[in-house]
Structure formats: C-alpha cells, structure tokens
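Residue numbers (my numbering): 64 to 151. For reference, the structure discussed in these notes is given below.
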C-alpha cells in the first residue's frame, strides 16, 4: 500500500478530479480525470493492495464507455475496475 499512498499524495495537486473511488477484494481503487475544453483529456486508474499496485494513464479525447469496452477485449490487469465506473 505504500506505493499506492505515495502516488495518491503526489497527484493531489496536479489538476486531477476524483471520478470514483472504492474498495474491491482488498484493493483500494481510484479513478481520476483531468478535463480540457469540457472533455476528459486524461483518465488515471490507481489500484493498490498489500501485495499489488496498478497505475494506468489514458491520454486523449476519452470516452469512458469505449475505454470500458476496449479493456474487456484486451483483458489487462486492472481492466475489471473500468466497468465499475460506468455503473456509478
């Protein structure tokens, strides 16, 4: 969890807004967004537990529903958390 906490503290003043945060199976998960011209220009996924840490950054003109669909097809670590954003 130390890496998770350190990353969160470093991002606290970088212009990101929390989209959603939750606990899932012993992991803390946060999605943060940065907006530019009223659109999401960057999406961060930060997930951490006692044994694992995941950090993903998506940059560009971001459509959250398309990112969620793509993540299911690619089956990468942390992708299962993107689907939960659409359910909020």
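Think of the CB as a built atom: it goes at the ideal place given N, C-alpha and C, for glycine as much as any other residue.
Look up residue 90 in the DSSP assignment and say whether it is helix, strand or coil. Numbered from 1 along the chain shown, position 27 holds the residue referred to as residue 90. The answer is strand: DSSP assigns residue 90 an E or B state.
Along the beta strand (DSSP E) that carries residue 120, what are the first and last residues, could you check? Position 57 of the chain shown, counted from the first residue, corresponds to residue 120. Element bounds for residue 120: 116-122.
How many Å lie between residue 79 and residue 72 at the Cα? In the chain shown, counting from the first residue as 1, residue 79 sits at position 16. In the chain shown, counting from the first residue as 1, residue 72 sits at position 9. About 12 Å.
Do you know whose CA, among 126, 111 and 107, lies nearest residue 119's CA? For the purposes of this step, residue 119 is taken as residue 56 along the chain shown, with counting starting at 1. Ranking 126, 111 and 107 by Cα distance to residue 119 puts 107 first.
Using 8 Å as the threshold, is the C-beta distance between residue 74 and residue 96 below it? Counting from 1 along the chain shown, the entry for residue 74 is found at position 11. Counting from 1 along the chain shown, the entry for residue 96 is found at position 33. For residue 74 and residue 96, no; Cβs fall outside 8 Å.
So the candidates are 69, 90 and 76; which of them puts its Cα closest to the Cα of residue 114? As a first step, residue 114 must be located in the chain shown, where it is residue number 51. For the residues 69, 90 and 76, the minimum Cα distance to residue 114 belongs to 90.
Leaving out the 5 sequence neighbours to the left and right, which residues in its chain are closer than 7 Å to residue 151 when beta-carbon positions are compared? Reading the chain shown from its first residue, position 88 is the one you call residue 151. Any reading at residue 151 must be qualified, since the residue scores a pLDDT of 47, below 50, and its modelled position is unreliable; no value is offered.
For residue 97, three-class secondary structure by DSSP: Counting from one through the chain shown, the residue named residue 97 turns up at place 34. Residue state, collapsed to three classes: strand.
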